[in-house]
Amino acid sequence: MAALAVVFAIAILAHCSAVVAAAAADPATADTRNFTIPSPRSTTTTNKGPVTYVFGDSMSDVGNNNYFPMSLAKSNYPWYGIDYPGREATGRFTNGKTIGDYMADKFGVPSPPPFLSLSLAGKDVLGGVNFASGGAGILNETGVYFVQYLSFDEQITCFETVKKAMIAKIGKEAAEAAVNAALFQIGLGSNDYINNFLQPFMADGTTYTHDQFIRLLITTLDRQLKRLYGLGARKVVFNGLAPLGCIPSQRVRSTDGKCLGKVNAYAVQFNAAAKKLLDGMNAKLPGAQMALADCYSVVMELIEHPDKHGFTTAHTSCCNVDTEVGGLCLPNTRPCRDRSTFVFWDAYHTSDAANKVIADRLWAGMMASAGHGGGASAPPSVGASSPAPAPFPSEDY
Numbered sequence: 001m002a003a004l005a006v007v008f009a010i011a012i013l014a015h016c017s018a019v020v021a022a023a024a025a026d027p028a029t030a031d032t033r034n035f036t037i038p039s040p041r042s043t044t045t046t047n048k049g050p051v052t053y054v055f056g057d058s059m060s061d062v063g064n065n066n067y068f069p070m071s072l073a074k075s076n077y078p079w080y081g082i083d084y085p086g087r088e089a090t091g092r093f094t095n096g097k098t099i100g101d102y103m104a105d106k107f108g109v110p111s112p113p114p115f116l117s118l119s120l121a122g123k124d125v126l127g128g129v130n131f132a133s134g135g136a137g138i139l140n141e142t143g144v145y146f147v148q149y150l151s152f153d154e155q156i157t158c159f160e161t162v163k164k165a166m167i168a169k170i171g172k173e174a175a176e177a178a179v180n181a182a183l184f185q186i187g188l189g190s191n192d193y194i195n196n197f198l199q200p201f202m203a204d205g206t207t208y209t210h211d212q213f214i215r216l217l218i219t220t221l222d223r224q225l226k227r228l229y230g231l232g233a234r235k236v237v238f239n240g241l242a243p244l245g246c247i248p249s250q251r252v253r254s255t256d257g258k259c260l261g262k263v264n265a266y267a268v269q270f271n272a273a274a275k276k277l278l279d280g281m282n283a284k285l286p287g288a289q290m291a292l293a294d295c296y297s298v299v300m301e302l303i304e305h306p307d308k309h310g311f312t313t314a315h316t317s318c319c320n321v322d323t324e325v326g327g328l329c330l331p332n333t334r335p336c337r338d339r340s341t342f343v344f345w346d347a348y349h350t351s352d353a354a355n356k357v358i359a360d361r362l363w364a365g366m367m368a369s370a371g372h373g374g375g376a377s378a379p380p381s382v383g384a385s386s387p388a389p390a391p392f393p394s395e396d397y
């Protein structure tokens, strides 16, 4: 928790230096007049918080897949977006805002736009960018049956394109400073289980034991994070997996309608391995500030005690599509009447109301840690403490 607070704090402070560097390189494109450091009490949209780059899957996608005509992972149709400003189906896989949208609100910055909507010749490349794509996973083979999407490796290549455009715009030194100061938010891994390892028709589930599979995931993630580091990423927040065994599409596979304990154990094991990886990178890579956000405990709290947060239903989806092929809230479905009382919107994704609570809890945990003077040596996580991880092999990942 403390280390995650440090990552955010350093990103905010470093952003000031990057703005100054950009102004020196190109005064016409850099505005330093209204810079303020966001705080829990001051997070209006006039603040200039850290530039944020978002990488991820459908939990973070804000419209990139809209640009793929053959993609099977889209949500740019009703009833998605019914509670988004203007009731617009933007390509977000929920009825309103994503967790990332709410976190951007707290930083006092606009939610980063989808990469595929940008003009690389304009000022767009100097602000935050969202590269997330529905269907993506850590592994390139994850999500192949969605046909068109951006894998994590492809998302990193897109970021590389943005950085080259930044260099052309403001020069190499200023671009490097801006990227070093930026906050990198990464949320991946769910599809590697839900749409890969746990699917009988995908090879990975039959080729690998779970211990072998998690080693493959962590080895691949290690390479990808080092690639981002080589491109200038220093402040990275990696979202740990939520309790995947409790999402509606998995609950329906149980005989009693309860969470699948084995799948939850997989998530806990992955999170432990990811934290170990991030800790190792912080120790070995100069300037690296990488932290794990404990989404598992935050989401599990909503599932086990929904009433504490204003919800009534956490076991099924608002759109009642738990057993439907695809599990999405298609135009021919009928959403629940009071969407604010459901934790899950469809068979896979949390609702707008839940996303707000999750963002609130992650933010509160970070701020509480920062207020108590937590140092970088503390565990890089936020939120309530995760349950003890399931045993996994002792080999270094």
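Quick note, the sequence shown lines up with residues 1 to 397 if you use the UniProt record's numbering. Quick reminder that beta carbons are idealized off the backbone N, C-alpha and C, glycines included. Since we're looking at a predicted model, the values are computed, not measured.
- Beta-bridge partners of PHE342 (DSSP): THR313.
- Each of LEU277, LEU244, SER249 and ARG251 was checked against the Cα of THR219, and the nearest Cα belongs to LEU277.
- The Cβ atoms of PHE311 and THR333 do not sit closer than 7 Å to each other.
- Non-local C-beta neighbours of HIS210 in its own chain, meaning closer than 7 Å and more than five positions away in sequence, comprise TYR266, ordered along the chain.
- ASP204 and SER317 have their C-alpha atoms roughly 28 Å apart.
- Residue nearest to VAL321 within the set LEU225, GLY230, ILE247 and ILE303 is ILE247 (criterion: CA-CA distance).
- C-alpha of LEU225 to C-alpha of LEU328: approximately 31 Å in a straight line.
- If the five residues before and after ASP101 are omitted, its C-beta is found closer than 6 Å to the C-beta atoms of SER111, all from its own chain and listed in chain order.
- Under the 10 Å beta carbon count, SER190 is surrounded by 16 or more other beta carbons and is classified as buried.
- Short of 7 Å from the beta carbon of SER351, and not among the five residues preceding or following it, lie these beta carbons of its own chain, in chain order: THR94, ASN95, CYS318, ARG339, PHE342, VAL343, PHE344 and TRP345.
- With a cut-off of 8 Å on Cβ pairs, the segment 50-62 is in contact with the segment 133-145, counting three or more such pairs.
- Closest by C-alpha distance to ASP57, out of VAL51, ARG87, ASP307 and GLY91, is GLY91.
- The three-state reading of DSSP puts MET290 in strand, counting E and B together.
- Approximately 5 Å separates the beta-carbon atoms of ALA359 and ILE99; this is inside 8 Å, confirming the contact.
- The beta-bridge partner set that DSSP reports for TYR53 consists of VAL129 and PHE184.
- The DSSP assignment places 183-187 as complete runs of the beta strand (DSSP E) inside the segment 164-226, in order along the chain (cut-off: 3 residues).
- By the neighbour-count criterion, in which a residue is buried when 16 or more other Cβ atoms sit within 10 angstroms of its Cβ, MET300 is buried.
- By alpha-carbon distance to TYR149, the top candidate from PRO331, PHE55, ILE167 and GLY86 is PHE55.
- Minimum Cα-Cα distance from ASP124 among the listed residues GLU88, TYR348, THR206 and MET166 corresponds to MET166.
- When DSSP states are grouped into helix, strand and coil, THR157 belongs to the helix group.
- The continuous alpha helix (DSSP H) containing LYS276 extends over residues 261-284.
- Burial is judged here by how many other beta carbons sit within 10 angstroms of a residue's own beta carbon; TYR296 has at least 16 and is buried.
- Within the same chain, PHE184 come within 6 Å of ALA233 by CB-CB distance, once the 5 residues on both sides are set aside.
- Nearest C-alpha to LYS284 among ASP222, MET366 and GLY365: ASP222.
- Apart from sequence neighbours up to five positions away, the residues of its chain that approach ALA353 with a beta-carbon distance below 6 Å are SER340, ordered along the chain.
- Pairing ARG227 with ILE156 gives a Cβ-Cβ distance under 7 Å.
- If you ignore the 5 residues before and after ASP279, its C-beta comes within less than 6 Å of no other C-beta in its own chain.
- Contact annotation: LEU244 and ASP192 have beta-carbon atoms that are not nearer than 7 Å.
- Inside the segment 52-111, DSSP marks whole beta strand (DSSP E) runs of 3 or more residues at positions 52-56, from first to last along the chain.
- Look at PRO306 here: in three-state DSSP terms it is helix.
- Assigned with DSSP and collapsed to three states, LYS258 falls in coil, not helix or strand.
- Per DSSP, ARG234 is not a residue of any alpha helix (DSSP H), being assigned neither H nor E.
- About 12 Å separates the Cβ atoms of VAL179 and GLY128, ruling out a contact at the 8 Å cut-off.
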